[in-house]
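Residue numbers (this note's numbering): 114 to 402.
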């Protein structure tokens, strides 16, 4: 098998759809189907089973996918090693970025880094912090920018700390909060546990959640338009002074805060690209961006 075959198998395995896989690989659907058929003829076994919607891999196909992932990983290591031997900062930096950081911080950081190191390319994956944590654990990325605290034995640098707050379009008293309409949003388990611990320390009844959304940015827009209050990290609503914001404080007087970290493996600092990026980020006031 060639690199193109490895990429085809891995992409098809993740998408479970020939049309989507072809789009991601920038090839036509007939081309992808033809390459797949040639692999099946070569090994003498079917690799996929067509379903009503999409495809699923046979046991033989799954075995080839595992091999393809391994070979792509080895090829990537070889390419990085050769780039590093050139004694220059070049190559492709693979980064995992939590959703808020991806929207508000990452474009500025990459633009600034690119000004200093123009030969660097970026491969950026975005999603929930828990997903970015898994990516760095599996070394699928060089660096992950993660909001919240996860068990980690590698290297990590604290980029900033921010308060968790109630943001409201109108003035409110803490006593009346359970009766007021709340906008809730899907977030990672760490943030959910923090806010629920605070809530049920102060209140016996559940919050009056009348709107549920997927993203914190949508929640923020709902708050701005007067539909209810939300509980979110302070940086999300900092640009909107018209909103009433109050930090979450436990009865002990402790303010609830959330950390944003840069996670990476110490071994990857041997790569000029990773080492230069880490040193670059350390010199920047990321919170102020």
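We put the CB at the ideal spot given by N, CA and C, even for glycine. Bear in mind that the values here come from a model prediction, so they are computed numbers and not experimental data.
Taking the alpha-carbon of residue i as reference, which of the options has the nearest alpha-carbon?
i	options	result
residue 368	378, 375 and 347	347
residue 210	241, 185, 193 and 317	241
residue 359	201, 137 and 277	277
residue 129	174, 398 and 222	174
residue 328	142, 381 and 215	215
residue 272	334, 144 and 393	393
residue 294	183, 305, 397 and 282	282
Determine the DSSP secondary structure at residue i, reduced to helix, strand or coil.
i	result
residue 298	strand
residue 281	strand
residue 316	coil
residue 212	helix
residue 201	coil
residue 303	helix
residue 114	coil
residue 397	coil
residue 130	coil
residue 387	helix
residue 402	coil
residue 380	helix
residue 218	coil
Per DSSP, which residues does residue i bridge with? Please list them.
i	result
residue 206	235
residue 368	362
residue 124	Note: residue 124 sits in no beta bridge, so no partner.
residue 324	296
residue 375	258 and 270
If we require 4 or more residues per run, which alpha helix (DSSP H) segments fall completely within the region 328–358? 329–337 and 347–350
Mind listing, in chain order, the continuous alpha helix (DSSP H) runs of no fewer than 4 residues lying wholly within the region 227–297? 242–250
Every unbroken beta strand (DSSP E) within the region 144–180, with a cutoff of 3 residues, ordered by chain: 161–163 and 168–170
Would you call the region 282–294 in contact with the region 219–230, where contact means no fewer than 3 C-beta pairs closer than 8 Å? no
Counting pairs of beta carbons, one from the region 375–393 and one from the region 307–321, are three or more of them closer than 8 Å? no
Three-pair Cβ contact test at 8 Å for the region 314–324 versus the region 335–343: yes
Cβ contact check for the region 153–170 and the region 180–197: 3 or more pairs under 8 Å: no
Is it a yes or a no for the region 257–275 touching the region 204–220, going by three-plus beta-carbon pairs under 8 Å? yes
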